[in-house]
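Notes for the one structure printed next.
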Amino acid sequence: MDAILADDPEPEDQKTPKGLPFSEASSVLTVLLALLQATSVSTPNSEPSALCPEVESCSKMETILRRIIGLSTHTGQITAGSSLGSFDKIPEDVLLQILSLLEPKDALKMSLVCKSWSSLVSDDRLWVSFLQHQAESWESIFFAETNLRTGHPIQSLSNEIHDLSFMSIYSKRAQVPGSVIIDGGSGYCKFGWSKYSGPSGRSATFLEFGNIESPMYSKQQHFFSTVYKRMQVKPHSHPVVLSMPLIHYDDTESAKASRRQLKEAIYSTLFDLNVPAVCAVNQATLALYAARRTSGIVINIGFQVTSVVPILNGKVMREVGVEVTGIGALKLTGFLKELLLQNNIRFGSLYTVRTLKEELCYVASDYDAELCKNTEASCEVNGEGFFTLSKERFQTGEILFQPRIAGVRTMGLHQAVALCMDHCHDSELSVDDSWFKTVVLSGGSACLPGLAERLEKELQELLPPSIANGVRVLPPPYGTNSAWFGAKLISNLSTFPTHWCVKKKQFRPKSRFNLIW
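Going by my numbering, the letters in the sequence shown line up with residues 94 to 610, in that order.
Take a look at the structure:
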């Protein structure tokens, strides 16, 4: 509550109505100003009227307000009974709409007037309204606060939702410190502030830092130090939310040891940089959260490979099996490069090829039918002029489904997903046998137009009806930044500091001597 009442600088675009200086003299005056703005007001012996520009003094406004609610104001103090005065005649939902026009801290001051106002201000509907006007979407806030509050492992709150206090949630979210978010993909790294609308920086990870999935302490230190310098922030000043790479997919003891070694190297590096708290979640789970799901299958088209990851209640089900295909973003770009050279289309660098892939390529619904169509299209690449592509536009993405076209011996994407679903179905891990039927795409190359529709079509044809029924494939919820936004969702949770973060004093690596320096 103190966080809500804290005096924040008024936004520049916040306009005060003409003639009414805002002061601390009366919270009631503030809420009644909102009433006058929202409704027509009748005063004794007067015609109904809306808020008039000529009401230019606070004393005139006070006179009108005394007649409306029967309250007395004396030297800035308000005296009131236990009722809402004449407001008792106004429906509660109307009063809540009026209160919702205020700033939350101004609405909260109304609770100091009397018990009736306090009860009204505590109504969850009011604080839901305030949350709905946050920069983050209400759907995302509601999903996070009702599904992710407990941290890992996720526990269902379906029977406790009615007990949640959104007034308390609003207050706690206001106190959550801003965090640094780092999505360290093997191809590209995105970083920025949790309070911003999106990542503020991006680096070509592989070209600049090499393999950041290596547990080498020196490599991790160089990577994180560089990110903090580019953000121009001291590591000790803010928590960090980090997306962990999807590596060592098996459930074997050696794979577990490798994942643990990488995690310990990352935590040791960050705590040696004096980061106060660390939250690390794998990229696939973050992408699933960004899609407002806690269970499903995430297809992450990474830099070098594509992984098909089953997730139940926020946990990667490695015992079910993570499928991996040998087609990643680098292979897609390389195959387009070969097609361009075969057709005598000259380009300056691999950057140009990647740009053409992002701007012109798509996935055909029916590959054979698309070959008979005129699919020519053009785009301009800065510094190199216009490029015109035809069949190359859909031949590039087709290797996800027919890797043999690119000379790669691996499963097609639809086959890998179908195999994963079959394993999920047979595992009987949940009473809900549809938990794996939502498929979420993730990664830059997963943004190819038509990919979600084509994959869903292929799965419907490949799977038995008992499994295929209800399968949905969702495109990346935030484009190339899905994992980053999943991390943002966690970082703004009301329970983020207590349920998601590990502090330095809580971190106990098995042995620092096991780290690779």
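Glycine is no exception: its CB is placed at the ideal position from the N, C-alpha and C atoms.
Looking at the unbroken beta strand (DSSP E) that takes in residue i, where does it start and where does it end?
i, result
"Lys283", "282-286"
"Met337", "333-337"
"Asp256", "Element bounds for Asp256: n/a, residue is neither H nor E."
"Leu534", "531-535"
"Phe223", "No beta strand (DSSP E) contains Phe223, which is instead part of the alpha helix (DSSP H) from 217-225."
"Ile404", "399-405"
"Thr426", "Segment 422-435 is the alpha helix (DSSP H) holding Thr426; no beta strand (DSSP E) there."
"Ile392", "389-394"
"Val474", "470-474"
"Thr239", "Element bounds for Thr239: not the beta strand (DSSP E) but the alpha helix (DSSP H), 231-240."
"Ile275", "273-277"
"Glu416", "416-418"
"Arg295", "294-296"
Is the Cβ-Cβ distance between residue i and residue j less than 8 Å?
i, j, result
"Gly278", "Thr298", "yes"
"Glu549", "Val564", "yes"
"Ser287", "Gly303", "no"
"Cys540", "Thr489", "no"
"Tyr281", "Arg295", "yes"
"Ser204", "Ser211", "yes"
"Leu453", "Cys472", "yes"
"Pro240", "Ile247", "Reading the sequence as shown, one finds Asn at residue 240 and not Pro. Cβ atoms of Asn240 and Ile247: closer than 8 Å."
"Arg620", "Ser458", "As displayed, the chain neither begins before 94 nor continues past 610, which places residue 620 out of reach and without an answer."
"Ala545", "Val566", "yes"
"Val269", "Ser587", "yes"
"Cys513", "Gly389", "no"
"Leu449", "Val474", "yes"
"Phe494", "Leu506", "yes"
"Gly537", "Tyr455", "no"
So, under 8 Å CB-CB, residue i and residue j are touching, yes? Tell me the CB distance rounded to an integer number of Å.
i, j, result
"Ile340", "Leu534", "With a Cβ gap of about 20 Å, Ile340 and Leu534 do not count as contacting."
"Trp593", "Gly244", "5 Å"
"Ala237", "Leu219", "Going by Cβ atoms, the distance from Ala237 to Leu219 rounds to 20 Å, so no, they are not a contact pair."
"Thr418", "Val398", "7 Å"
"Val371", "Tyr360", "6 Å"
"Tyr289", "Thr362", "So it is not a contact: roughly 24 Å between Cβ atoms."
"Arg306", "Leu355", "Reading the sequence as shown, one finds Glu at residue 306 and not Arg. That pair is a contact at about 7 Å."
"Ala380", "Ser575", "4 Å"
Smallest Cα separation from residue i: which of the options?
i, options, result
"Leu194", "Leu205, Cys207, Val214, Lys208", "Val214"
"Pro557", "Ala511, Leu506, Asp525", "Ala511"
"Ser318", "Phe364, Met504, Met337", "Phe364"
"Ala470", "Glu477, Glu485, Gly476", "Glu485"
"Leu335", "His315, Val374, Pro369", "Val374"
"Ala228", "Ser347, Val333, Gly543, Asn585", "Asn585"
"Asp256", "Ile274, Val401, Ala499, Asp216", "Asp216"
"Gly41", "Gln325, Pro308, Gly395", "Residue 41 is absent from the structure shown; the chain starts at 94 and stops at 610."
"Asp525", "Leu582, Asn406, Leu493", "Asn406"
"Asp515", "Ser538, Gln435, Lys208, Glu416", "Glu416"
"Val326", "Leu366, Ser258, Pro569", "Leu366"
Could you give the first and the last residue of the continuous alpha helix (DSSP H) run that contains residue i?
i, result
"Pro184", "Taken as a continuous stretch (DSSP letters only), Pro184 belongs to no alpha helix (DSSP H), as it is neither H nor E."
"Val320", "310-324"
"Gly579", "575-584"
"Ala200", "197-202"
"Thr378", "376-383"
"Glu306", "Run containing Glu306: none; DSSP gives neither H nor E here."
"Ser290", "Where Ser290 is concerned, there is no enclosing alpha helix (DSSP H), given that its DSSP letter is neither H nor E."
"Arg352", "346-365"
"Asp459", "That residue, Asp459, is in no alpha helix (DSSP H); it is neither H nor E in DSSP."
"Thr243", "Segment: none, Thr243 is in no alpha helix (DSSP H) and carries neither H nor E."
Every unbroken alpha helix (DSSP H) inside the region 479-564 [4 residues or more]: 485-491, 506-520, 544-555, 558-561
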